[in-house]
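Peer 1:
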Amino acid sequence: MAFWLSLIFFFCFFTFASSTPPDDPVKCESGNNMCTVTNSYGAFPDRSICEAAKVEYPKTEAELVSIVAAATRAGQKMRVVTRYSHSIPKLVCTDGKDGVLISTKFLNNVVGTNPEAKTLTVESGVTLRQLIGEAAELELALPYAPYWWGLTVGGLMGTGAHGSSLWGKGSAVHDYVSEIRMVSPGLASDGYVKVRVLSETMDPDEFCAAKVSLGVLGVISQVTFQLQPMFKRSLTYVMQNDSDFGDQAVTFGEKHEFADFLWLPSQGKVVYRMDDRVPLNTSGNGLFDFFPFRPQLSVALAIIRSLEESEESSGDANKKCVRAEQLSSFLFSISYGVTNNGMEFTGYPVIGKQNRMMSSGTCLDSHWDGLITSCPWDPRIKGQFFHQTAFSVPLTRVKGFIDDIKALVKIEPKALCVLERSNGILIRYVTSSPAFLGKEEKALDFDLTYYRSKDDPLTPRLYEDFIEEIEQMAIFKYNALPHWGKNRNLAFDGAIRKYKNANAFLKVKERFDPLGLFSTEWTDQILGLKGNVTIVKEGCALEGLCVCSDDAHCAPNKGYLCRPAGGGGSSGAAAGLDDFHFPPDIPSMQERKDEAMRVLKADLMAELDKEVKSLEEDSWMFEGTRSRIHLISRRG
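Under mature numbering (1 follows the signal peptide of the UniProt record, and there is no 0), read the sequence shown as residues -19 to -1, 1 to 617, first letter to last.
1) With a 10 Å radius around its C-beta and 16 neighbouring C-beta atoms as the bar for buried, classify Pro276 as buried or exposed.
2) Assess contact between the region 241 to 251 and the region 324 to 341, defined as three or more Cβ pairs (one per stretch) separated by less than 8 angstroms. Is contact present?
3) DSSP three-state label for His534, please.
4) Classify Arg337: buried if its beta carbon has 16 or more other beta carbons within 10 angstroms, exposed otherwise.
5) What first and last residue would you give for the alpha helix (DSSP H) that runs through Thr53?
6) Looking only at its chain, what residues have a beta carbon closer than 6 angstroms to the beta carbon of Ala522, apart from the 5 residues adjacent to it on each side?
7) Roughly how many angstroms separate the alpha carbons of Cys6 and Val36, rounded to a whole number?
8) Just the Cα atoms here: how many angstroms apart are Pro2 and Gly351?
9) Taking three-plus beta-carbon pairs below 8 angstroms as touching, is the region 84 to 101 in contact with the region 111 to 128?
10) Can the beta-carbon of Gly144 be found less than 9 angstroms from the beta-carbon of Arg409?
11) Report buried or exposed for Trp349, applying the criterion of at least 16 other Cβ atoms within 10 angstroms of its Cβ.
12) Compare the C-alpha of Gly136 against each of Ala230, His155, Asp505 and Gly80 and name the closest.
13) Nearest to Leu278 by CA position, among Ile362, Ala461, Leu496 and Glu491, is which residue?
14) What residue does the alpha helix (DSSP H) around Ser287 start on, and which one ends it?
15) Rank Gly234, Ser159, Asn299 and Thr63 by C-alpha distance to the C-alpha of Thr182 and give the top, closest one.
16) Beta-carbon separation of Ala153 and Ala485 under 9 angstroms?
17) When DSSP builds the beta bridges, which residues end up paired with Ser84?
18) From Val107, Thr140 and Pro96, pick the residue whose C-alpha is nearest to that of Leu121; which is it?
19) Could you have a look at Asp575 and say whether DSSP puts it in helix, strand or coil?
20) Would you check whether the ligand ZN has a heavy atom nearer than 8 angstroms to the C-beta of Cys302?
21) Between Phe427 and Thr343, which are expected to be in contact by the criterion C-beta below 8 angstroms, what is the C-beta distance as a whole number of angstroms?
22) Going by the beta-carbon positions, is the gap between Leu471 and Leu526 smaller than 9 angstroms?
23) Say whether the region 204 to 218 touches the region 281 to 297, bearing in mind that this needs 3 or more beta-carbon pairs closer than 8 angstroms, one atom from each stretch.
24) Keeping to the same chain, check which residues put their C-beta closer than 6 angstroms to that of Asp79; ignore five residues upstream and five downstream.
25) Leaving out the 5 sequence neighbours to the left and right, which residues in its chain are closer than 7 angstroms to Phe271 when beta-carbon positions are compared?
26) Straight-line CA distance for Phe366 to Ser403?
27) Note down, in chain order, each residue of its chain lying with its Cβ closer than 7 angstroms to the Cβ of Ile30, except the 5 sequence neighbours on either side.
28) Let me make sure I understand the geometry here. Which of Asp186, Val379, Lys300 and Asn468 has the alpha-carbon closest to that of Val399?
29) Between which two residues does the beta strand (DSSP E) carrying Met220 extend?
30) Is the beta carbon of Gly172 less than 9 angstroms from the beta carbon of Ala50?
31) Name the residue from Ile201, Gly364 and Pro39 whose alpha carbon lies nearest to the alpha carbon of Phe87.
32) Please name the residue or residues paired with Cys16 in a DSSP beta bridge.
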């Protein structure tokens, strides 16, 4: 423990250093030709390598128009890539090797300001940090935004990125946009390109489609934001036990404008963010500089990753839980990096201007230092490598979902320490949006970050079955909507059917790009146009590429088998065994587990039905899961 605490201090000390900037996501063999593209984490969910014939770097809208026209004339596929490429799914990939990547890296200028109208127009490659800073120069503020400021305006719009609030128009950035300039393919009579100026008054349908577009309508050139007068926020973090969290989660967002939660389910604790708007003349110069987003010493990151790999390979859940609790206690003790004056934390509440309190990411404040320091997830070092599952559960059903997760913790208290190793479950408020692919109703967005093997996708994770249970339960039982810029393939399975305006979006897509030049196999799959987003192969369920239907989709040689669900909406499933979780470390369940396995091996379906009924009182049942990875062997 002394070593771990020393490491945390070591880690903390060096977060004040400058950081090596992130690598360019596009790499080319010859100039700007024969390229590959990845994301900021260095790997897509299916670990594939995405290729393109070339990359273009327009510096003006005129250059962008010329690029789109040339590619349209040649019939080439196109996709947009941003400066840091933070989306986890394959949104930047073109099909095959002949496509064109269009980078917005140099489309990063302010186009116009109107302080009286409280509007700011920027190019789509402007980062959230730039946007916040430019607005502040005008004494204006974007009311809500994600907490990581390394996203670009185009990326924010393309994926529906958001902060946390039920107030006003909600927390999605795209709902504070008044105009969008979009460059799309055109007919020969148009010169093979068309520039559209979209607003709610000119064409509501096209505007609502473009607000969250997944990049399939064309390239966003410019965006005009409707801002608010600058204000201050008053922030206090409070840690409490989670005994009444299900009830609190439903109502807390109505009490505090910028409320969110960090849930530590294995510890039975919740960190409540009590965060409200206060007058601009309120005393305080606070700063939100989130500790995990600061530059980190690469050697410290490597040590921490090695410890995590050791916990996984040895099956040492106890150490994982101890270290998770130490980390969460440390972060709470330093108020997650919030300071009262930009230098030190002296106590709550922390009060500061909106531009200083809403977002952070100082690991991007970079000087080349040979990777001595970096952002924690930089793929060039041995650092963080993770899955990120994010979905929004309707507010009316949140209590049941939280209670279901609590029930999993009761079965095995150590099972969810893996989430607390990554700061816990971040939970943010979202509300309904007029965007066709935006949120459908008031909801809570659950963001789960957890260990991923860097080298072997066929290695099961410690307590993987519990995390898979939560993911499938959210998607299939609670009808959760996925975050378009995060998640593994599984989360997008059938997701488009959950959007009431999906057909309206597809009609706009057909008008803007009838040849599908900005579409790919991946986007066609998630939009329900062609094929299925899941990939069925050996071990596919281990990394969320499929819903398992066969033991081979898991890791049968390592004790992870597939158990089909019985009543959750999948056809031809074995009668309900999957709805029961058999924790191998609870002796009172061992006899039942052995009996269930005997029945399975004999494939006696009638006896299986009887077994399910006999276990009903003592076992855990989740209606709505389709099938899941089920751990049979005893964990270490």
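Yeah, the Cβ is synthetic: ideal placement off N, Cα and C, and Gly gets one too.
Peer 2: Let me lay it out:
1) Burial call: buried.
2) Under the 8 angstroms Cβ criterion, the region 241 to 251 does not count as touching the region 324 to 341, having fewer than three qualifying pairs.
3) His534: helix per DSSP, three-state reduction.
4) With a 10 Å radius around the Cβ and a threshold of 16 neighbouring Cβ atoms, Arg337 comes out buried.
5) Where Thr53 is concerned, the enclosing alpha helix (DSSP H) stretches over Glu42 to Ala55.
6) Only Cys529, His534, Cys535 and Ile610 meet the Cβ criterion.
7) The residue asked about is misnamed: residue 6 is Pro in this sequence, not Cys. Rounded to the nearest whole angstrom, the C-alpha separation of Pro6 and Val36 is 11 angstroms.
8) Rounded to whole angstroms, Pro2 to Gly351 spans 10 angstroms at the Cα level.
9) Touching, per the Cβ criterion.
10) Yes, they are a contact pair.
11) Exposed is the call here.
12) For the residues Ala230, His155, Asp505 and Gly80, the minimum Cα distance to Gly136 belongs to His155.
13) For the residues Ile362, Ala461, Leu496 and Glu491, the minimum Cα distance to Leu278 belongs to Ile362.
14) Here the alpha helix (DSSP H) through Ser287 covers Ser279 to Ser295.
15) That would be Ser159, whose Cα lies nearest to the Cα of Thr182.
16) Not in contact: Ala153 and Ala485 (Cβ atoms no closer than 9 angstroms).
17) Answer is Val62.
18) The shortest Cα separation from Leu121 among Val107, Thr140 and Pro96 belongs to Pro96.
19) Its pLDDT being 45, under 50, Asp575 is placed unreliably by the model, and the measurement read from it follows with that caveat. If DSSP states are grouped into helix, strand and coil, Asp575 belongs with the helices.
20) In the structure on display, the ligand ZN does not appear, and there are no ligands present to speak of.
21) Their Cβ separation, rounded to whole angstroms, is 26 angstroms, which puts Phe427 and Thr343 out of contact at 8 angstroms.
22) Closer than 9 angstroms, so yes.
23) No: the two stretches stay apart, fewer than three of their Cβ pairs being nearer than 8 angstroms.
24) Ala34.
25) Excluding residues up to 5 positions away in sequence, Tyr128, Tyr317, Gly318 and Ser341 lie with their Cβ nearer than 7 angstroms to the Cβ of Phe271 in the same chain.
26) So the two alpha carbons sit approximately 11 angstroms from each other.
27) Same-chain partners within the cutoff: Thr17.
28) For Val399, the nearest C-alpha among the options comes from Lys300.
29) Per DSSP, Met220 belongs to the beta strand (DSSP E) from Lys213 to Asn222.
30) A contact, by the Cβ cut-off of 9 angstroms.
31) Sorting Ile201, Gly364 and Pro39 by C-alpha distance to the C-alpha of Phe87 places Pro39 at the top.
32) Answer is Cys9 and Ala33, bridged to Cys16.
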